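What follows is a short report on a single structure.
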Amino acid sequence: MKSKTLKITLVYVIISLIMAIICHNLLTKYFFETRYSYLFFLKDVFFIITTAFIFRYILAKNESKNISVFKKLKKTNEEIKESNEKYDIVAKATSDTIWDWKIQEDKINWNKGIESVFGYNPEEVGKTSKWWFDKIHPEDSIRMSIKLYSFIEQKTEKWQDQYRFKCADGTYKYVLDRGFLLKDENGRAIRMIGAIQDITKQKEEEQRLKLLETVITQSKDSILITEANSKDHKIPKIVYVNPAFSQMSGYESNEIIGKSTNIFKGPKSDSEELKKLLRAIENEEECVIETITYTKTQEEYWVRFAMIPIFNNEGVITHWISIQRDITDEKKLETEKEHLIRELTQNNKDLKQFSYITSHNLRAPLSNLIGLLNLIEDIPIEDEELEEILAGFTKSTHLLNETINDLVKVIIIKDNPSMQKEEVSLKEVFENVFSQLSFQIELHKPIIKLKFDKVPLLNINKAYIESILLNLLTNSIKYKSENRKLKISITAEQIENQAIITFKDNGIGIDLERNRDKVFGLYQRFHNYPDSKGLGLYLVKSQVETMGGTISIDSEVNKGTTFTITFKN
Amino acid sequence: MLEQILCIDDDPITLMLCKKVILKSSFSREIITAQNGEEALHHFNTLKYTNNKNKVSKKPELIFLDLNMPVMGGWEFLDHFTSDAYAEFNSAKVIVLSSTIDPEDLMKAKKYPIIIDFLSKPITQAMLEYLKKKIM
């Protein structure tokens with residue numbers, strides 16, 4: 012524009028100068044007299060008018076040109092405004108964070124996403140790209156910047172990248188960043204605009220799924236997934252097998268996918284179990300079977316095979332999941348165990364029979380001896396020595412008989428783990444026990460305290476509880492202290508679903524430090540009393556345990572003994 | 016007092032003891048014995064044969080029976096004795112007199128209505144007094 016103005020001015024000056032020179036020459040040559048001076052004036056007027064016309068022409072031309080330029084400008088302006096408005100709306104509407112980077116000036120602008128997504132206040136947000144790069148996770152930043160600069164230098168076509176971007180609170184978010192370049196007429200990158208998408212949730216879900224997937228890939232159990240529907244009553248086609256399956260069966264996944272698991276069927280497979288499985292598949296029910304199956308190399312192994320139907324939201328079956336475990340060792344153990352149990356049961360039975368026969372064969376002649384001795388009782392004997400011998404004979408025979416009878420009792424208790432239980436009144440039981448011991452009670456007159464009102468009835472075997480209390484009471488009387496009057500206290504309490512019977516005396520006690528593990532043993536005696544056999548407490552414990560109860564002892568030498576018996580009630 | 020009883024036991028001393036105690040407590044006038052089930056059945060067979068000849072002999076009213084015997088044990092004897100072949104004799108009552116402790120024997124005894132008691136050896140006068148009250 013300036014040059015044009017100068018041009019016009021220059022042209023004008025030149026034309027006017029030429030005109031002025033020509034006029035001057037002509038006038039001075041032909042009309043030099045003063046009477047022609049008005050001609051000079053005319054010449055000037057002519058000149059002014061001529062130049063005015065030239066000016067007018069130039070100005071008019073310029074003006075029309077200017078108007079069209081102005082119109083053009085206005086239009087462009089409006090277009091820019093509209094486009095800016097559109098950009099603002101999109102920037103506001105999008106959940107992405109948009110950045111605009113003027114590369115040469117290194118100025119970067121962020122939309123409000125930087126606040127709403129990442130939590131930065133407008134004043135916290137830096138104006139340069141350095142701020143941006145500082146917020147990228149150190150592990151991601153090198154990789155990211157290499158990719159970004161190779162894009163800016165236009166070595167790559169497209170740019171999009173995933174990295175972790177630091178939030179205002181110091182945590183990191185996974186983002187997907189996509190951008191494009193604006194170039195000048197020389198093709199130089201001058202500006203870059205990008206959109207950052209928060210993909211933390213997708214990323215976390217992805218990682219969660221990856222973790223869940225490890226359950227399948229790392230599992231020691233074989234897992235396979237099949238299609239939903241079976242054709243011609245077969246197991247549906249396999250769509251996935253995990254590595255454990257390949258290891259177990261010998262089939263690689265590419266060999267087996269698309270096939271039916273019927274290939275595992277072999278001569279020793281349990282066809283009943285397989286039928287059960289096929290029925291369950293038809294009925295779309297969960298099913299577990301155990302059968303012998305075969306590897307690719309036809310080696311047989313035991314497998315526990317579960318099929319679980321998977322349904323979609325509409326309740327339509329989409330897949331089957333099958334979990335399989337090699338139970339060959341388990342089966343082997345089971346068979347061994349069964350064999351062992353059978354053997355033990357047989358041995359036990361034999362032993363029991365043996366004990367019955369032995370005791371019978373001992374008892375038969377013994378009962379004869381007793382019968383014969385009973386007969387002798389009525390025959391008067393004159394010889395004193397013979398009488399003495401016979402007395403000893405009688406005593407030994409009876410002792411032998413008692414021992415054998417006790418052993419028989421033990422055998423019968425041990426042999427009878429499931430005896431009959433009934434509602435028993437403790438009070439009644441004690442009346443029976445006392446009447447059996449009335450002689451000893453009369454003789455020693457112990458002080459006996461009973462407290463049963465809390466447990467009037469007990470679900471128990473009557474004969475056993477009588478025997479237990481008889482034994483304990485006999486022991487208390489037998490092992491009473493000579494220095495003080497015998498006191499016995501027997502109480503029963505109900506605590507939740509347990510009845511607790513406490514039996515306490517002030518007798519001579521047992522040294523538990525030395526004998527704790529022997530107290531309830533067979534033929535264990537702790538006091539050298541002539542008629543103690545070491546059987547009473549053994550019987551008591553056996554009977555208590557046969558009825559599902561427990562017994563414990565607390566005792567102190569010369570203070571007394573307490574037995575605590577617990578039954579479920 | 017019973018007229019005749021039968022003791023079946025393989026042990027001669029037990030039989031001797033039975034005889035003596037039974038006689039002593041005046042439980043029965045006559046005591047016959049058999050060493051096992053087969054011998055006892057033989058005795059009944061003989062009785063049957065002689066009865067047919069119109070010579071009525073005494074038949075035992077009570078049998079003391081042992082269980083474990085050689086040749087034929089107590090249970091086998093009972094199976095034969097309770098059959099129709101011995102219908103004319105099996106109104107007699109049976110008392111098992113044994114030294115067994117096998118609970119199965121006790122259970123089994125309950126299944127035979129002919130067994131009225133299950134007693135443990137040795138036989139005693141007190142036992143016989145108790146039986147007198149029970150059957151007479």
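Chains as they are written, first to last, in the numbering used here: chain A, 12 to 580; chain B, 16 to 151.
Every residue, glycine too, gets a C-beta built ideally from N, C-alpha and C.
It should be emphasised that the depicted structure is a prediction, and the values quoted were computed from it without experimental measurement.
Are there 16 or more other CB atoms within 10 angstroms of the CB of residue i, so buried, or fewer, so exposed?
i	result
A/V466	buried
A/P247	buried
A/F537	buried
A/K231	exposed
A/L223	exposed
A/V101	exposed
A/N380	Contrary to the premise, residue 380 of chain A reads as Leu rather than Asn in this sequence. By the neighbour-count rule (16 or more Cβ atoms within 10 Å), A/L380 is buried.
A/E477	buried
B/P137	buried
A/R290	exposed
A/F81	exposed
A/G124	buried
B/M122	exposed
A/T237	buried
A/T572	buried
A/G181	exposed
B/D99	exposed
A/R175	buried
A/A206	buried
A/T302	buried
Between residue i and the rest of its own chain, which residues show a CB-CB distance below 7 angstroms, the 5 nearest in sequence each way excluded?
i	result
A/E349	none
A/F445	I452
B/A55	L21, I23, A49 and F92
B/N105	F96, T97 and I129
If we define contact as Cβ-Cβ less than 8 angstroms, is residue i a contact residue for chain B?
i	result
A/S378	yes
A/N486	no
A/N358	no
A/S370	yes
A/L546	no
A/I387	no
A/L437	no
A/V421	no
A/L533	no
A/Y367	yes
A/R315	no
A/I424	no
A/A474	no
A/A375	yes
A/I390	no
Using 7 angstroms as the cut-off, classify the Cβ of residue i as near or not near the heavy atoms of the ligand PLP, replying yes or no.
i	result
A/L53	Within the structure as shown, the ligand PLP is missing, as the structure has no ligands at all.
Under 8 angstroms, Cβ to Cβ, is there at least one residue of chain A near residue i?
i	result
B/I130	no
B/T48	no
B/L143	no
B/V111	no
B/L32	yes
B/S114	yes
B/T97	no
Apart from the five residues just before and just after residue i, which ones in its own chain have a Cβ nearer than 8 angstroms to its Cβ?
i	result
A/I204	I109, W110, D111, W112, G190, F191 and L193
A/K432	N470, I471, N472 and M558
B/W90	L82 and K123
So, for residue i: in the same chain, excluding its five sequence neighbours on each side, which residues have a beta-carbon less than 6 angstroms away from its beta-carbon?
i	result
A/M318	C298, W331 and S333
A/E567	G520
In chain D, which residues lie less than 7 angstroms from residue i when you measure between Cβ atoms?
i	result
A/L383	Checking the listed chains, one finds no chain D in this structure; the protein chains it contains are A and B.
TODO: Tell me the start and end of each unbroken alpha helix (DSSP H) in the region 248-314 of chain A that is at least 4 residues and wholly inside, in chain order.
DONE: Runs of the alpha helix (DSSP H) inside the region 248-314 of chain A: 254-260, 264-267 and 282-293.
TODO: Would you mind listing the beta strand (DSSP E) stretches within the region 42-99 of chain B that are 3+ residues and don't spill past its ends, in chain order?
DONE: Note on the region 42-99 of chain B: whole beta strand (DSSP E) runs with a minimum of 3 residues are 43-49 and 77-80, in chain order.
Open item on the list: My parser needs the beta strand (DSSP E) runs of 3 or more residues fully inside the region 143-203 of chain A; what are they?
Closed with: With a minimum length of 3 residues, the continuous beta strand (DSSP E) runs that stay inside the region 143-203 of chain A are 170-177 and 183-194.
Open item on the list: For a minimum of 3 consecutive residues, which ranges assigned as the beta strand (DSSP E) are wholly contained in the region 447-518 of chain A?
Closed with: Within the region 447-518 of chain A, the complete beta strand (DSSP E) segments at least 3 residues long are 458-462, 468-471, 498-506 and 509-516, listed from N- to C-terminus.
Open item on the list: For a minimum of 3 consecutive residues, which ranges assigned as the beta strand (DSSP E) are wholly contained in the region 326-387 of chain A?
Closed with: Fully enclosed beta strand (DSSP E) runs of 3 or longer: 328-337.
Task: Interface residues of the region 512-528 of chain A facing chain B [CB-CB below 8 angstroms] - done: Correct list: empty, as no residue qualifies.
Open item on the list: Which runs of the beta strand (DSSP E) at least 3 residues long sit entirely within the region 514-576 of chain A? Give them in chain order.
Closed with: Scanning the region 514-576 of chain A for uninterrupted beta strand (DSSP E) segments of 3 residues or longer gives 561-567, listed from N- to C-terminal end.
TODO: At 4 residues or longer, and completely inside the region 52-132 of chain A: list those alpha helix (DSSP H) runs for me, N to C.
DONE: Taken in chain order, the complete alpha helix (DSSP H) segments of 4 or more residues contained in the region 52-132 of chain A are 124-127.
Open item on the list: If the cut-off is 7 angstroms on Cβ atoms, which residues from the region 336-363 of chain A count as contacting chain B, listed in chain order?
Closed with: Hits within the stretch: zero.
Open item on the list: Please identify, using Cβ separations under 8 angstroms, the residues of the region 67-95 of chain B that lie next to chain A, in order along the chain.
Closed with: The region 67-95 of chain B vs chain A, Cβ under 8 angstroms: N83.
Open item on the list: Please identify, using Cβ separations under 9 angstroms, the residues of the region 34-65 of chain B that lie next to chain A, in order along the chain.
Closed with: From the region 34-65 of chain B, only K35, V36 and K39 have a Cβ closer than 9 angstroms to chain A.
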